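Novice:
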Amino acid sequence: MANKNTDAKKLILGEMFNIADAMAKKALSSYNAEARYQANLKALLSNSAAVLEACGKMLNMRVRSDDNKKMYQNKKVLSDRIILRIEALFEMHCGECKSNYRNTLDKEPALRCRLCLQGSHDCEEMERKAKVLQDMEKNLSLPVGVAWLCHECTKKNSFFTLYDQEEKKT
Numbered sequence: 001m002a003n004k005n006t007d008a009k010k011l012i013l014g015e016m017f018n019i020a021d022a023m024a025k026k027a028l029s030s031y032n033a034e035a036r037y038q039a040n041l042k043a044l045l046s047n048s049a050a051v052l053e054a055c056g057k058m059l060n061m062r063v064r065s066d067d068n069k070k071m072y073q074n075k076k077v078l079s080d081r082i083i084l085r086i087e088a089l090f091e092m093h094c095g096e097c098k099s100n101y102r103n104t105l106d107k108e109p110a111l112r113c114r115l116c117l118q119g120s121h122d123c124e125e126m127e128r129k130a131k132v133l134q135d136m137e138k139n140l141s142l143p144v145g146v147a148w149l150c151h152e153c154t155k156k157n158s159f160f161t162l163y164d165q166e167e168k169k170t
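Numbering of the sequence shown is given in the numbering used here, commencing with residue 1 and proceeding in unit increments.
1. Decide yes or no for the touch test of the segment 48-64 against the segment 19-32: beta carbon pairs closer than 8 Å, at least 3 of them.
2. Okay, do the segment 33-45 and the segment 132-145 touch, 3+ Cβ pairs below 8 Å being the bar?
3. Indicate the three-state DSSP secondary structure (helix, strand or coil) for HIS93 in the structure shown.
4. How is GLY14 classed by DSSP in three states: helix, strand or coil?
5. Does DSSP put TYR72 in a helix, in a strand, or in coil?
6. With DSSP run on the structure shown, which of helix, strand or coil describes ILE81?
7. For ASN100, list the residues DSSP reports as bridge partners.
8. So what does DSSP say about ARG128, is it helix, strand or coil?
9. For a test of the three-state rule: what should DSSP assign to GLY56, helix, strand or coil?
10. Once the 5 residues before and after MET126 are set aside, which same chain residues still bring their CB inside 6 Å of it?
11. Leaving aside the five residues before and after ALA39 along the sequence, list all residues of the same chain whose C-beta is less than 8 Å from its C-beta, in chain order.
12. Using a 10 Å radius around the Cβ and a threshold of 16 neighbouring Cβ atoms, would you call LEU78 buried or exposed?
13. Excluding the five sequence neighbours on either side, which residues of its own chain have a C-beta within less than 7 Å of the C-beta of MET1, listed in chain order?
14. Report all residues from its chain with a CB closer than 8 Å to the CB of LEU41; omit the five preceding and five following residues, and keep chain order.
15. Do CYS55 and ALA88 come within 9 Å of each other at the CB atom, strictly closer than that value?
16. What residue range does the alpha helix (DSSP H) around CYS153 cover?
17. Whole angstroms is fine: what's the gap from VAL63's alpha carbon to PRO109's?
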């Protein structure tokens with residue numbers, strides 16, 4: 001039985017389906033809101049590269065360079081990014097203002113998580129942080145390797161979380 005979260009994800013998928021062309025719809029229909037990552041990856045990989053590219057374009061991904069070369073080395077990498085982009089449109093929790101939010105395809109977020117591609121919330125605190133990073137980048141004072149991580153990726157990749165996971169293995 002589907003839960004409230006799964007139903008919300010299905011509604012978002014339906015919204016994407018409504019704006020997709022026939023090829024993108026084929027790839028989108030391969031994604032299952034109730035399935036785990038590996039199952040969705042396998043399902044997406046059953047599509048042709050052209051179908052995956054159409055879905056990527058619909059998700060506002062850059063799939064071809066200016067000279068029309070493929071931006072992704074293979075279907076697996078492109079399928080992975082499509083999954084991340086789809087899931088980046090699902091509801092998330094903002095670690096700054098403590099409210100839930102969701103991004104949409106028609107508005108580019110100020111920041112995008114380096115790991116999962118989730119867009120930042122447009123709350124005051126996140127807008128302020130984004131402006132600081134953008135100003136540093138513009139002034140060439142942004143340290144090399146600086147990347148924004150969303151609330152969930154920060155939790156999953158904190159030293160203590162990783163340490164606790166390692167302790168449980170031993």
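We put the CB at the ideal spot given by N, CA and C, even for glycine. All figures in this text were calculated on a predicted structure; none of them were measured in a lab.
Specialist: A quick look at the data gives this:
1. In short, these stretches touch, since the Cβ pair count reaches three.
2. Counting Cβ pairs under 8 Å, fewer than three are found: no touch.
3. Secondary structure of HIS93 (DSSP, three-state): strand.
4. Looking at GLY14 - three-state DSSP - the assignment turns out to be helix.
5. The answer is coil: DSSP assigns TYR72 none of H, G, I, E or B.
6. Per the sequence presented here, residue 81 reads as Arg, with Ile not at that position. ARG81 falls in the helix class under three-state DSSP.
7. In DSSP, ASN100 forms a bridge with HIS93.
8. Of the three classes helix, strand and coil, the one that applies to ARG128 here is helix, per DSSP.
9. Note: GLY56 maps to helix in three-state DSSP.
10. Around MET126, the same chain offers GLU96 and SER120 as residues with beta carbons nearer than 6 Å, after the five sequence neighbours per side are excluded.
11. Within the same chain, ALA39 has close Cβ partners ASN32.
12. Around the Cβ of LEU78, a 10 Å sphere holds 16 or more other Cβ atoms; the residue is buried.
13. Only weak support is given to the placement of MET1: the predicted model assigns it a pLDDT of 47, under 50, and the value that follows is read from those uncertain coordinates. So no residue of the chain qualifies.
14. Answer for LEU41: LYS76, SER79, ASP80 and ILE83, listed in chain order.
15. Not in contact: ALA88 and CYS55 (Cβ atoms no closer than 9 Å).
16. Here the alpha helix (DSSP H) through CYS153 covers 151-156.
17. Taking the straight line joining both Cα atoms gives about 19 Å.
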